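Asker:
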Amino acid sequence: LKDNKITPTKQRVDIAMLIFDKNQHFTASDLITLASKSSLHISQATIYNTLCLFEQKGILKTIDLQNDRKFYDTNLSLHHHIYNMTTKILTDVDDDQIEFSKLPDLPSNLELEKTEVLIKVKNKS
38 LKDNKITPTK
48 QRVDIAMLIF
58 DKNQHFTASD
68 LITLASKSSL
78 HISQATIYNT
88 LCLFEQKGIL
98 KTIDLQNDRK
108 FYDTNLSLHH
118 HIYNMTTKIL
128 TDVDDDQIEF
138 SKLPDLPSNL
148 ELEKTEVLIK
158 VKNKS
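Printed below as a string of structure tokens:
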């Protein structure tokens, strides 16, 4: 946290320990449940504020699925996602698994920074 100029309060350290032990996707609700199961007494407001701070500092990425869900992602490398709308599970797809043959023309004052693909799927009925 100090490397990213975040004051390491007890609650921030506890939250960081829960989420940064591995690459994972989770929602704020998932984290609230995990904190409770871990007997950590952290308010929902503190969890939301901390997630927002971690995102602002660039140590946590968000995948916003609009009305469906907002996921947080600890994997900051360039990669893509498959979202199963039936199971509500988000899965990483390595960057080398997707190839672009054509991109739209960009206005002359813009340059491409990165491309990310979100593939939505559902279970067959």
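By the numbering used here, the letter at position 72 of the sequence shown is numbered 109, and the numbering carries on one by one without gaps. For each residue, glycine too, the CB sits at the ideal point set by N, CA and C. Quick caveat: nothing in here was measured; it's all calculated off a predicted structure.
Please classify residue 77: does DSSP put it in a helix, a strand, or coil?
Answerer: Reduced to three states, the DSSP call for residue 77 is coil.
Asker: Go ahead and label residue 110 buried or exposed: buried means 16 or more other beta carbons lie within 10 angstroms of its beta carbon, across all protein chains shown.
Answerer: It is buried - the Cβ of residue 110 has at least 16 other Cβ atoms within 10 Å.
Asker: Among 154, 43, 157, which residue has its Cα nearest to the Cα of residue 86?
Answerer: The option with the nearest alpha carbon to residue 86 is 43.
Asker: Going by CA-CA distance only, name the one from 76, 155, 146 that's closest to residue 128.
Answerer: Measuring from the Cα of residue 128, the nearest candidate turns out to be 155.
Asker: Taking a contact to mean a Cβ-Cβ separation below 8 Å, would you say residue 108 touches residue 70 in this structure?
Answerer: Against a cut-off of 8 Å, the Cβ pair of residue 70 and residue 108 comes out as no contact.
Asker: Where DSSP assigns a beta bridge to residue 127, which residues make up the other side?
Answerer: In DSSP, residue 127 forms a bridge with 120.
Asker: What is the C-beta distance between residue 55 and residue 75, in whole angstroms, given that I count them as a contact (C-beta under 8 Å)?
Answerer: Rounded, the Cβ-Cβ distance is 7 Å, consistent with contact.
Asker: According to DSSP, is residue 39 helix, strand or coil?
Answerer: Helix, per DSSP.
Asker: Roughly how many whole angstroms lie between the Cα atoms of residue 119 and residue 48?
Answerer: Distance between the alpha carbons of residue 119 and residue 48: 31 Å.
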